[in-house]
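Below: one structure, written as structure tokens.
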Amino acid sequence: MEKIKIGVVGIGMVGAPLARWFFEKGWERNENIFCFDADPKKGFFDDVFRANIIFICVPTPPNADGSCNTSIVESVVSRFADSGKVLVIKSTVPPETVKILAEKYNCVILFNPEFLTEAQAWEDFVRPDRQIVAAANEKSRKWISVVLNLLPLGSFQSPGVKGTYCFHEADSTETETAKYGGNAFGAMKVVFANVIADLCELLDVDYENVRCLISHDRRIGGAWMDINRGNYRGFGGFCFPKDLDALIAKYGEKFAQAGIKDKKRKKKYELAIGFLKAIRDYNEALLESQYLAPGNVCHHDAQVNENIKKQKN
6 MEKIKIGVVG
16 IGMVGAPLAR
26 WFFEKGWERN
36 ENIFCFDADP
46 KKGFFDDVFR
56 ANIIFICVPT
66 PPNADGSCNT
76 SIVESVVSRF
86 ADSGKVLVIK
96 STVPPETVKI
106 LAEKYNCVIL
116 FNPEFLTEAQ
126 AWEDFVRPDR
136 QIVAAANEKS
146 RKWISVVLNL
156 LPLGSFQSPG
166 VKGTYCFHEA
176 DSTETETAKY
186 GGNAFGAMKV
196 VFANVIADLC
206 ELLDVDYENV
216 RCLISHDRRI
226 GGAWMDINRG
236 NYRGFGGFCF
246 PKDLDALIAK
256 YGEKFAQAGI
266 KDKKRKKKYE
276 LAIGFLKAIR
286 DYNEALLESQ
296 YLAPGNVCHH
306 DAQVNENIKK
316 QKN
């Protein structure tokens, strides 16, 4: 059977495992898979217009105010919008982005979030906990199952395919919110673990024993509870700081637009935004206590250790 022609725009942490998946499944470059990256050093300048389904895996850097800059994503969408291609955004984007782009460009556009870690991107890609493809409109929904069946099978699939236990469909805005919410929860859990570790220090007790007792509650688990992972405390990397800032900005934007007058409801939302800001502020203070900043811990552990040594000497 003839393979669907695939395009991948952006061959970085997200796009590289995706392209590798298709290569290992028998797709051949410049025959039925076409890759492009703006960085000339990577050497990917294929004619992506030859593809039928195009995955968009480009950066979404922060703006000066912490909000998410989606201009690179939109530039790719605008380039291919009139070509009749199926566009699949894998870049992390704020809630409502796919809906806005679908309305603006009147094209078939889907959202397929990535759930990769920097340390093991390939392993996370081929063995996902979740594989979600979502749409903002009916025209795009018709393509969900096609895209979903091209990708590695997750134990949770949305909307669901044969062999999975859950047939649950979410729209693109719900999925974008879940992506941000998941990363914010991870950041919160890292911070909470460190807060408890600080208390253990004051009590002169062993945090590792406390961690063991907490994490064996199956409702809590041990993920993000190891405070010394990477030989520094706190969260960094490409995703958590950026996405937490973007979530705070989006929350603030929607709150301002809502124009809530009721004092009690208004206070609730103000405290919610304050709670998210407190996660960020504590993490920054924690990193500063180690002579670090979020930007310093976006590197591999060995580089972080070298930075710490230089700062302390």
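The opening position of the sequence shown corresponds to residue 6 in our numbering, with each subsequent residue numbered one higher.
For every residue, glycine included, the Cβ atom is placed at its ideal position computed from N, Cα and C.
Computed from a prediction, not measured in an experiment: that's the story for all the values here.
Environment of residue i [buried if 16+ CB atoms lie within 10 Å]
i	result
Ala43	exposed
Asn188	buried
Phe85	buried
Thr122	exposed
Ser150	exposed
Val91	buried
Asp250	buried
Gln162	buried
Leu23	buried
Val210	exposed
Pro66	exposed
Val200	exposed
CB of residue i within 8 Å of CB of residue j, strictly
i	j	result
Gly71	Ile278	no
Val195	Gly235	no
Lys255	Pro99	yes
Val82	Val63	no
Ile232	Tyr212	yes
Ala139	Phe116	yes
Glu5	Thr180	Any question about residue 5 goes unanswered here, given that the chain covers just 6 to 318.
Phe41	Arg55	no
Lys8	Asn35	no
Val131	Trp32	no
Segment limits, beta strand (DSSP E) that includes residue i
i	result
Gln162	161-163
Gly12	11-14
Residue range of the unbroken alpha helix (DSSP H) whose run includes residue i
i	result
Ile137	No alpha helix (DSSP H) holds Ile137; the beta strand (DSSP E) holding it covers 135-137.
Gly257	245-263
Asn199	177-208
Phe360	Any property of residue 360 remains undetermined from this structure, which presents the chain solely from 6 to 318.
Lys269	268-293
Lys2	Given that the chain is displayed from residue 6 to residue 318, the structure contains no residue 2 and the question cannot be resolved.
Asp129	126-131
Leu319	The requested residue 319 is not part of the displayed model; the chain covers only 6 to 318.
Strand pairing of residue i, partner residues [DSSP]
i	result
Leu115	Val93, Ala140
Distance cut-off 7 Å: residue i Cβ against heavy atoms of the ligand FAD
i	result
Ala139	The ligand FAD is not among the ligands present in this structure, which contains no ligands whatsoever.
(message) Threshold first: 4 residues or longer. Then list the alpha helix (DSSP H) segments lying entirely within the segment 31-100, N to C.
(response) 76-85
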